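See below for the structure under consideration.
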Amino acid sequence: MPSVLPGALVAELFILGLMYGLLYGVLAMGLTIVFGVMKVVNVAHGDFVIIGSYLSYWAFVLAGINPILSLLLTIPFGFLLGALTYLGLIRRVQNSPELMSLFLTFGISTLIGGLLLFFYSPTQRAVPVALGSIEYGSLSIPVNISIAAAYAIAVAIALRFFFYRTYWGKAVRAVIDNRTSAILVGINPDMVSLKSFGIGIAIASSVGSIVMLLQSISPLSGPDFTLISFVIVVLGGLGNPPGALVGGVVLGVVESLSSLYVNAAMTPAIGFIIMVIVLILRPQGIMGSRG
Amino acid sequence: MLKGYLLVHKKNFVRDVVPWVGALVVLAFAPYFVSASLRSFLLFLLMWIALSQSFNIFTGLTGYVNFGFVAFYGLGGYGMTMTLLSLNIPIYAAMVIGGVISSLFAFAISWPTLRLRGAYFAIAMLSLAQALFVIFDNWNFVNSATGYTIPVKYYDPVLQYYYMLAVAAVTVLCLYVIMNSRLGLALKAIKQNEETAVSIGINATFYKAVAFGISAFFAGLAGGAATWTITIIDPPSAFDTTITLTAISMSMLGGLGTIAGPIIGAVILYSIEHYFGLTLPYLHLIVFGIIIIVVVLLIPQGIMGEIISRMKKSRRQEVGEEG
Amino acid sequence: MTGVVADNAQRDTVLDVSLVRKNFAGLVALDGVSLQLGRKEILGLIGPNGAGKSTLFNIIAGTLKPTSGTVTFRGRNITGLPPNRVCRLGIARTYQIPKPFLDMTVLENVYIAESFGSGRDSKVGTPAEICDLVGLKDKMHLEAGMLNVSGKKRLEVARALATSPDVLLLDEIAAGMSPTEGEWAVRFMEKMSQSYDLSIIWVEHVMRLLMKGVHRVVVLDHGVKIAEGRPEEVVNDEKVQQAYLGGKLS
Ligand SMILES: Nc1ncnc2c1ncn2[C@@H]1O[C@H](COP(=O)(O)OP(=O)(O)O)[C@@H](O)[C@H]1O
Ligand SMILES: [Mg+2]
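Residue numbers (numbering that gives the first Met the number 0), protein chains in the order written: chain A, 0 to 290; chain B, 0 to 322; chain C, 0 to 249.
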């Protein structure tokens, strides 16, 4: 622990935390939209991230496609995969007890993890693209993280447009707000669920592409992404998309700054502990309204 | 006659008791007849029976999904190992202490976590287990990432087998006792509708915590016995999410909330895992995933649950015809 | 006759709700409501939808904590006690939207309530006798989920009675019953109250039915008590008629 904290270091950690937080916040938005619409907690969310990562990885290895470019692949693929998963599996437990949807997505997570392990082994994979850093005076911000943040902002803006300017976006919001009255005014809940699950998974797998710019992954990394999304979603309030973005930024900054004080390996524990405290004190999330 | 129809169905000694005693006798004499590798297979099968059954004691009876189940297993393993190494007491005492530590942890976290419902509880438990992993991995008091090794002098595969047999048998017996007790009645009500249960005077907080503690105790015992057998404990093995996954798959497949269910599930799935684990690694994960999905979609009550509800239906038809 | 009972009630108060207020996010559901329930009294609690009747029940039963105010049961302050403690003390409630244990039989539902409940010896009868009393004798072995609305309402009553309560909170049990069944419910509650020393608060959205059975009526509107008195007095009260936008009462 440094005895005097240099301002530049703190500023840099803050900015890095903010950028990571944006990306994870957007990832968590995918989870929270699905929960808001269907009351399904998708335990396989992180495994869909890894599917996206593998797509980008193979696109790079086989065709030399840059992970940023492979977003054009992972976004539609994710949407399609999500829509199919909804139609084939999730839809059937919509009216069952919550326990069943938890078990079902847990099964999906196991299946995806198992398939990836079986075919690709637990080896860590990385895409060797060196992007360097941008220097602002004494600040040094890596380019890949900046790209991640830019992508997150783009997704957040696109989602805002979708939610407020399009029919289906408004329908999704209406269903999140009150399913029964949404149905009463003629919204097709099945279609809304299909699209939300598609969007949720498209977000997850496209974040997977971006993750390839930042770190190496293995089939075993899936649950890590699920957990971090859980933490953020709980911070922001389950089923509250803007809350997830705020929760992501809060978590990113807190974790980043905490590395000044605790062993970096311990930072995930900080996230979990914050989450459990939030669950106890404000089960509706820091952004949620009371009552 | 009414009481007989109610809750406790007609007792049939031959049907209810004989198969269990028979199985116990066979398993007790097995080490004298089977090869070392088959004995080791049976030992781990018994461990999975104990684990899926202790998972069942809480999740099966209350309906609260414990995605952090492995925490109980890991704490039991650490508790056993550390007391054994530092206090030099008999293994069985160390195992019980491991179970008690796990149980105390369950009681400690029950106040905050058991107030959460559904997905919130599941997420909180998953995260707690993960937090334990991270903490143990960095905590010198528990030898951080290195973990511990059980000294060779404790090596005794036959004794290990009998300990595991005892743990599995006591866990199953305990589930039976709970299901036929006031605790079981309260949990049954809580599982179906907690709000109503509380409104008729059932102290749900208390009964849930008791079931949670008992579940943790037996998972901790199994964790201790398993660690003794495996001889090594470190954070990745003690807090391996696959253990939660396996316990869930086994009890789901066989039937959560039934006695025979998790045992049947353990026999089927551990046999699969054992077979594929040797020939094709990770294939068993694919099989587990498919099984969970198929069970949820087609027989959400599991094999035993399905059988029981069919029996109930046909009996109700009989009653209907009589009346 | 009714007047005498009402006067007795004043002297022998079992349940005393005093200045109870409940705020939900941005909404005052109850605004300083007070009422007393006498021994063996049947008190009607009426008011338009959203008046706060169920909220008041939730507060008495311990499901919700009031923002302020107190609930006193036999001289003991029970405000904020958890529902299971309230039930053990002898206050049982039914739910407006029935909440049975769906996968259990009717008899099992009642049996569990009797096994826990207030913990006293069953004062109304065995579970089977209670099923018989509420008219569910031939449906005893059906799963609760298979009952129709009227059956589920009867099961709510049976479950509440099985806890051997002193105070019974009935939330719209006649809604979903036919008029004849409603009449039955009124006579049944009168009998229960007299035979088993039960004091009852009975919420019903429509007043007509209650008028025949209750000793006294309290009228809520927008969380405020706007009238209280004998049924015939309350019916003619101007404020009450306004609250119901005329006509609905008779
Ligand atoms: N849990 C709650 N959260 C927010 N508002 C509530 C809640 N319960 C009831 N309300 C509101 O309080 C008011 C009173 O409701 P309620 O007591 O159910 O009325 P009643 O039973 O007289 O029809 C209504 O406006 C209702 O929407
Ligand atoms: Mg109401």
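Glycine is no exception: its CB is placed at the ideal position from the N, C-alpha and C atoms.
Quantities reported herein were computed from a predicted structural model and do not represent experimental measurements.
Annotation: the continuous alpha helix (DSSP H) that includes A70(B) extends over V69 to L86. Rounded to the nearest angstrom, the gap between the Cα atoms of I227(A) and A27(A) is 8 angstroms. Take L135(C), set aside five residues on each side of it, and the residues of its chain with a beta-carbon closer than 6 angstroms to its own are V105 and R153, in chain order.
DSSP, reduced to helix, strand and coil, places V33(B) outside both helices and strands of the structure shown, so it counts as coil. At least one CB atom of chain B sits nearer than 7 angstroms to the CB of K98(C). Per DSSP, the unbroken alpha helix (DSSP H) holding D131(C) starts and ends at P126 to L132.
Shown here, A210(B) sits in a helix according to DSSP, grouped into three states. Contact check between the stretch 46-63 of chain C and the stretch 185-204 of chain C: three or more CB pairs, one atom from each, fall below 8 angstroms, which counts as touching. Bridge partners of P141(A) according to DSSP: S132(A). Secondary structure note for K224(C): its beta strand (DSSP E) is the uninterrupted segment V223 to G228. Residue state for K312(B) is assigned as helix, using DSSP reduced to three classes. Under the DSSP assignment, V19(C) falls outside any alpha helix (DSSP H), being part of the beta strand (DSSP E) whose first and last residues are T12 to F23. Judged by their CB atoms, V123(C) and Y195(C) are nearer to each other than the 7 angstroms cut-off.
The stretch 39-54 of chain B and the stretch 76-91 of chain A do not touch, with fewer than 3 CB-CB distances between them shorter than 8 angstroms. The beta carbon of F71(B) sits closer than 6 angstroms to the beta carbons of S101, A215, A218 and G219 from its chain, once the five residues preceding and following it are set aside; these are given in chain order.
For E254(A), no Cβ of chain B is located within less than 7 angstroms of the residue's own Cβ. Bounds of the beta strand (DSSP E) holding R92(C) are I90 to R92. Annotation for Q35(C): the continuous beta strand (DSSP E) segment containing it runs L26 to G37. Within the DSSP secondary-structure output, F72(C) pairs in a beta bridge with L14(C) and R75(C). Using a cutoff of 6 angstroms, the CB of G212(B) does not count as near ligand 1, since none of the ligand's heavy atoms is closer than that. L212(A) counts as buried, since at least 16 other C-beta atoms from the protein chains shown sit within 10 angstroms of its C-beta. Using a cutoff of 6 angstroms, the CB of A226(C) does not count as near ligand 1, since none of the ligand's heavy atoms is closer than that. Pairing G251(A) with V9(A), the inter-Cα distance amounts to about 14 angstroms. Straight-line measurement puts the Cα of G45(A) at about 26 angstroms from the Cα of L113(B).
Close CB contacts of L197(C) within its chain, under the 6 angstroms cut and outside five residues either way in sequence, are with L167 and M191 (chain order).
Between T165(A) and L244(B), the C-beta spacing is not below 7 angstroms. The beta carbons of V33(A) and N41(A) sit closer together than 7 angstroms.
The C-alpha of A27(B) is placed about 20 angstroms away from the C-alpha of V13(B). Taking CB atoms only, I201(B) has a neighbour in chain C less than 7 angstroms away.
In this structure, A159(C) has its beta carbon at no less than 6 angstroms from each heavy atom of ligand 1. In terms of side-chain proximity, the C-beta atom of S180(A) is found no nearer than 6 angstroms to any non-hydrogen atom of ligand 1.
Judged by DSSP in its simplified three-state form, I14(A) adopts helix.
In summary, the residues of the stretch 61-85 of chain C whose CB is separated from some CB of chain B by less than 9 angstroms are G61, T62, P81, P82, N83, R84 and V85, in the order they occur in the chain. As the crow flies, the alpha-carbon of F106(B) is around 23 angstroms from that of D136(B).
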